[in-house]
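Engineer: This structure is in structure tokens; I'll ask about it shortly.
2 protein chains.
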Amino acid sequence: MVENSLSKIQQHLASLDEKAREAIENATHIKKYQKNEYLLQAGEICKSGFQIVSGVARKFYLNDGKEITTELFFTDDIAVSLESYTLQQPSKEFIQAIEPCTVSVTNYQAFQELKQKHKGLLELDLLMTEYYALWLEARLFQFHTMDATQRYMLLLKQQPHFVQQIPLTYLASYLGISLETLSRIRARI
Amino acid sequence: MVENSLSKIQQHLASLDEKAREAIENATHIKKYQKNEYLLQAGEICKSGFQIVSGVARKFYLNDGKEITTELFFTDDIAVSLESYTLQQPSKEFIQAIEPCTVSVTNYQAFQELKQKHKGLLELDLLMTEYYALWLEARLFQFHTMDATQRYMLLLKQQPHFVQQIPLTYLASYLGISLETLSRIRARI
DNA sequence: CGACATATTGAGATCCATCAACCAATGTGG
DNA sequence: CCACATTGGTTGATGGATCTCAATATGTCG
Numbered sequence: 000m001v002e003n004s005l006s007k008i009q010q011h012l013a014s015l016d017e018k019a020r021e022a023i024e025n026a027t028h029i030k031k032y033q034k035n036e037y038l039l040q041a042g043e044i045c046k047s048g049f050q051i052v053s054g055v056a057r058k059f060y061l062n063d064g065k066e067i068t069t070e071l072f073f074t075d076d077i078a079v080s081l082e083s084y085t086l087q088q089p090s091k092e093f094i095q096a097i098e099p100c101t102v103s104v105t106n107y108q109a110f111q112e113l114k115q116k117h118k119g120l121l122e123l124d125l126l127m128t129e130y131y132a133l134w135l136e137a138r139l140f141q142f143h144t145m146d147a148t149q150r151y152m153l154l155l156k157q158q159p160h161f162v163q164q165i166p167l168t169y170l171a172s173y174l175g176i177s178l179e180t181l182s183r184i185r186a187r188i
Numbered sequence: 000m001v002e003n004s005l006s007k008i009q010q011h012l013a014s015l016d017e018k019a020r021e022a023i024e025n026a027t028h029i030k031k032y033q034k035n036e037y038l039l040q041a042g043e044i045c046k047s048g049f050q051i052v053s054g055v056a057r058k059f060y061l062n063d064g065k066e067i068t069t070e071l072f073f074t075d076d077i078a079v080s081l082e083s084y085t086l087q088q089p090s091k092e093f094i095q096a097i098e099p100c101t102v103s104v105t106n107y108q109a110f111q112e113l114k115q116k117h118k119g120l121l122e123l124d125l126l127m128t129e130y131y132a133l134w135l136e137a138r139l140f141q142f143h144t145m146d147a148t149q150r151y152m153l154l155l156k157q158q159p160h161f162v163q164q165i166p167l168t169y170l171a172s173y174l175g176i177s178l179e180t181l182s183r184i185r186a187r188i
């Protein structure tokens, strides 16, 4: 992600007043998912935000019957299908536990209403959306300017835990390259 | 852009109360730019949002001395360097008039303060940021799944005015392909 | 152990970038 | 008003990166 995005968001969270934080608590519950279980399936409307408490998850869509992984989630990351979540329309994406996950699930509708009551939550939502957009821009930059090897090396440098914890199949599609090419890149270095 | 994004934003704008709209007016002024003139240069901090009243502009960055065009702006579009704007740090991107432009320039700091006073403006900012993120996701999808020809065909279908009004050099880099390849694609169809 | 998912390796085909030459339209200075 | 530079686009030849298909290996788990 973007440098320090978490810390800035944490900071904002810390500055929220007690009532707002409590209100969010009440709209949230903990849920556990087994490996390969879906937090969200294509076709469903994304009616919750999913914050990973522990475990690993991924977001992907199907294109020509092939799974394209678009995002990987670790502890503290928040997973939603943005299009489905913001527009409350059927999702094109799946969100799936790669490892058994404990997830903090916050209801969309409740959060919408809370944003009306607590300006701090509205600001928080804006902040998170901005950071997501910055992350998307950074990713687009990589596709625009780097070849497969460079993208992999950058991932290795910035997210070494990805490489350790994620099956190559998912990593390859996340990097926009074939499994075979990724395997060869790894052999070469 | 994302379908109907403008209309949803317009709708929100229309529902703003009079005071908020007036306040924005006061933080905004009109500025004209000649062809090739910069609205924002790399290194500067992006202290304004630029809404195109008329003309055409582009956003780009330099990579290995080459210009990579990342976004094209027509009437009503809002141009900012998101990273520089939201973090108020030096921009990596340039924003440049491709054609003579009339631009509605809104001061960052003033808008920040107005967002504190008028919840509707905060919501508006969130809405715009969400739509920008959705647009980025759609673009990433294209890079992830489509080859050069498919990306061009889609552009031709969804933004025919791009193809008519933008020099091929910029279009090619916007599509992430070389000028020569774009030329060949056009010859082939 | 057997079975199924996951990863490696090889060979051929394909897409696309690069380098280079060329062309057409436009504009400018003498 | 012509000669020439400049800008924007086309076309050709070549090489490299990466995909695809296919075969083989390496797990890993019941």
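Chains as they are written, first to last, in numbering that gives the first Met the number 0: chain D, 0 to 188; chain H, 0 to 188.
No residue lacks a Cβ here, since even glycine has one placed at the ideal position from N, Cα and C.
This one's a predicted model, so the numbers in the text were calculated from it and none came from an experiment.
(1) How about D:Ala-147: is its C-beta nearer than 8 angstroms to some C-beta of chain H?
(2) Under a Cβ-count criterion, where at least 16 other Cβ atoms within 10 Å of its own Cβ denotes burial, should H:Asp-75 be classed as buried or exposed?
(3) Can you tell me whether D:Ser-53 is buried or exposed, with buried defined as 16 or more other CB within 10 angstroms of its CB?
(4) Which term fits H:Ile-94, buried or exposed, when burial requires 16 or more other beta carbons within 10 angstroms of its beta carbon?
(5) Looking only at its own chain, which residues have a Cβ that is under 7 angstroms from the Cβ of H:Phe-142, when we skip the five neighbours before and after it?
(6) Can you give me the C-alpha to C-alpha distance between H:Met-145 and H:Ala-19, rounded to a whole angstrom?
(7) The alpha helix (DSSP H) that contains D:Glu-82, what's its start and end?
(8) For H:Leu-125 versus D:Leu-135, is the C-beta spacing smaller than 8 angstroms?
(9) Would you call H:Leu-38 buried or exposed, if buried means 16 or more other Cβ atoms sit within 10 Å of its Cβ?
(10) Along chain D, which residues have their Cβ under 9 angstroms away from the Cβ of H:Phe-161?
(11) Name, in chain order, the residues that DSSP records as bridge partners for D:Thr-168.
(12) Nearest to D:Ile-44 by CA position, among D:Tyr-151, D:Thr-168, D:Glu-21, D:Ser-90, is which residue?
(13) I'd like to know if H:Gly-42 contacts chain D, where contact means its C-beta is closer than 8 angstroms to some C-beta of that chain.
(14) In its own chain, which residues sit with a C-beta less than 6 angstroms from the C-beta of H:Ser-172, not counting the 5 before and 5 after it?
(15) Quick one: measure Cβ to Cβ for H:Thr-148 and H:Ile-184, integer angstroms, because I've assumed they're closer than 8 angstroms.
(16) Grouping DSSP H, G and I as helix and E and B as strand, with all else coil, what is D:Val-52?
(17) Return the chain-ordered list of same chain residues with a C-beta closer than 7 angstroms to the C-beta of D:Leu-104, the five sequence neighbours on each side being excluded.
(18) Flag H:Thr-105 as yes if its beta-carbon sits less than 8 angstroms from any beta-carbon of chain D, otherwise no.
(19) D:Thr-128 touches chain H at which residues, Cβ-Cβ below 8 angstroms?
(20) Which of the three DSSP states, helix, strand or coil, is assigned to H:Pro-260?
(21) Leaving out five residues on either side along the sequence, give the residues of the same chain with a beta carbon under 6 angstroms from the beta carbon of D:Val-79.
(22) Whose C-beta lies closer than 6 angstroms to the C-beta of H:Tyr-84 among residues of the same chain, with five residues either side of it excluded?
(23) Span of the beta strand (DSSP E) holding H:Lys-30?
(24) Taking three-plus beta-carbon pairs below 8 angstroms as touching, is the region 154 to 168 of chain H in contact with the region 157 to 172 of chain D?
(25) Indicate whether at least one CB of chain D lies closer than 8 angstroms to the CB of H:Leu-167.
(26) Assign D:Ala-41 to one of three DSSP states: helix, strand, or coil.
(27) Just list the residues that DSSP pairs D:Thr-105 with in beta bridges.
(28) Can you tell me whether D:Ile-176 is helix, strand or coil according to DSSP?
(29) Residues of chain H with CB closer than 8 angstroms to the CB of D:Gly-175, please, in chain order.
(30) Can the beta-carbon of D:Cys-100 be found closer than 8 angstroms to that of D:Ile-23?
(31) Contact criterion: CB-CB distance below 8 angstroms. Does H:Thr-85 meet it with respect to chain D?
(32) Using a Cβ-Cβ cut-off of less than 7 angstroms, list which residues of the region 60 to 71 of chain H approach chain D; keep chain order.
(33) In chain order, what residues of the same chain have a beta carbon less than 8 angstroms from the beta carbon of D:Ile-8, not counting five sequence neighbours either side?
(34) Which residues bound the beta strand (DSSP E) around D:Glu-66?
(35) Taking 8 angstroms as the CB-CB cut-off, is D:Leu-121 touching chain H?
Structural biologist: Taking the structure as given:
(1) Within the first sequence, numbered from 1, the residue matching residue 147 of chain D stands at position 148. By this cut-off, D:Ala-147 is not an interface position.
(2) Numbered from 1 along the second sequence, position 76 holds the residue referred to as residue 75 of chain H. The residue is exposed, with fewer than 16 neighbouring Cβ atoms inside 10 Å.
(3) In the first sequence, residue 53 of chain D corresponds to position 54, counting from 1. The residue is exposed, with fewer than 16 neighbouring Cβ atoms inside 10 Å.
(4) In the second sequence, counting from the first residue as 1, residue 94 of chain H sits at position 95. Burial call: buried.
(5) Here residue 142 of chain H is taken as the residue at index 143 of the second sequence, counted from 1. Answer for H:Phe-142: Gly-175, listed in chain order.
(6) Here residue 145 of chain H corresponds to residue number 146 of the second sequence, with the count starting at 1. Here residue 19 of chain H corresponds to residue number 20 of the second sequence, with the count starting at 1. Rounded to the nearest angstrom, the two C-alpha atoms are 43 angstroms apart.
(7) Counting from one through the first sequence, the residue named residue 82 of chain D turns up at place 83. Run containing D:Glu-82: 81 to 86, per the alpha helix (DSSP H) assignment.
(8) Locating residue 125 of chain H in the second sequence gives position 126, counting from the first residue. Locating residue 135 of chain D in the first sequence gives position 136, counting from the first residue. Here H:Leu-125 is not near D:Leu-135, since their CB atoms are 8 angstroms or more apart.
(9) Working through the second sequence from its first residue, we reach residue 38 of chain H at position 39. That one is buried.
(10) For the purposes of this step, residue 161 of chain H is taken as the residue at position 162 of the second sequence. Those do not exist, as H:Phe-161 stays about 17 angstroms from chain D at its closest Cβ, beyond 9 angstroms.
(11) Reading the first sequence from its first residue, position 169 is the one you call residue 168 of chain D. In the DSSP output, where bridge partners are listed per residue, D:Thr-168 has none listed.
(12) What you label residue 44 of chain D is simply residue 45 of the first sequence in a count that begins at 1. Closest option to D:Ile-44, Cα to Cα, is D:Ser-90.
(13) For the purposes of this step, residue 42 of chain H is identified with residue 43 of the second sequence, where counting begins at 1. Judged by the 8 angstroms Cβ criterion, H:Gly-42 is not in contact with chain D.
(14) Position 173 of the second sequence, counting from 1, holds the residue named residue 172 of chain H. So the list reads Ile-67, Thr-68, once near-sequence residues are dropped.
(15) Start at 1 with the first residue of the second sequence, and residue 148 of chain H comes out as number 149. Start at 1 with the first residue of the second sequence, and residue 184 of chain H comes out as number 185. Indeed they touch by this definition, with Cβ atoms about 5 angstroms apart.
(16) Translated into the one-based positions of the first sequence, residue 52 of chain D becomes position 53. In the structure shown, the three-state DSSP call for D:Val-52 is strand.
(17) If you number the first sequence from 1, residue 104 of chain D lands on position 105. Here residue 104 of chain D turns out to be Val, not Leu, going by the sequence shown. Sequence-distant Cβ neighbours of D:Val-104 in its own chain, meaning closer than 7 angstroms and more than five residues away, are Thr-27, His-28, Lys-30, Ser-47, Phe-49.
(18) Counting from 1 along the second sequence, the entry for residue 105 of chain H is found at position 106. For H:Thr-105, the answer is no, since every Cβ of chain D falls outside 8 angstroms of its Cβ.
(19) Counting from 1 along the first sequence, the entry for residue 128 of chain D is found at position 129. What D:Thr-128 touches in chain H: Leu-125, Thr-128, Glu-129, Ala-132.
(20) No answer is possible for residue 260 of chain H: it lies beyond the span of chain H, which begins at 0 and ends at 188.
(21) Here the question's residue 79 of chain D lines up with position 80 in the first sequence. Cβ neighbours of D:Val-79 beyond the five flanking positions: Cys-45, Gly-48.
(22) In the second sequence, counting from the first residue as 1, residue 84 of chain H sits at position 85. These residues qualify, in order along the chain: Cys-45.
(23) Counting from 1 along the second sequence, the entry for residue 30 of chain H is found at position 31. Where H:Lys-30 is concerned, the enclosing beta strand (DSSP E) stretches over 27 to 32.
(24) no
(25) As a working note, residue 167 of chain H is residue 168 in the second sequence. The beta-carbon of H:Leu-167 is placed no less than 8 angstroms from the nearest beta-carbon of chain D.
(26) Looking up residue 41 of chain D in the first sequence gives position 42. Per DSSP, reduced to three states, the secondary structure at D:Ala-41 is coil, with no helix or strand assignment.
(27) What you label residue 105 of chain D is simply residue 106 of the first sequence in a count that begins at 1. By DSSP's assignment, D:Thr-105 forms a beta bridge with D:Thr-27, D:Gly-48.
(28) Mapped onto the first sequence, residue 176 of chain D falls at position 177. If DSSP states are grouped into helix, strand and coil, D:Ile-176 belongs with coil.
(29) For this step, residue 175 of chain D is matched to residue 176 along the first sequence. Those within 8 angstroms of D:Gly-175 in chain H are Phe-142, His-143.
(30) Counting from one through the first sequence, the residue named residue 100 of chain D turns up at place 101. Counting from one through the first sequence, the residue named residue 23 of chain D turns up at place 24. The answer is no: Cβ separation not under 8 angstroms.
(31) Against the second sequence, residue 85 of chain H aligns to sequence position 86. Chain D, which has a Cβ nearer than 8 angstroms to the Cβ of H:Thr-85, makes this yes.
(32) Asn-62, Ile-67
(33) Residue 8 of chain D sits at position 9 when you count from the first residue of the first sequence. Once the five neighbours on either side are set aside, the close Cβ partners of D:Ile-8 are Leu-123, Leu-126, Met-127, Tyr-130.
(34) For this step, residue 66 of chain D is matched to residue 67 along the first sequence. Element bounds for D:Glu-66: 65 to 72.
(35) Your numbering for residue 121 of chain D matches position 122 in the first sequence. So, interface residue.
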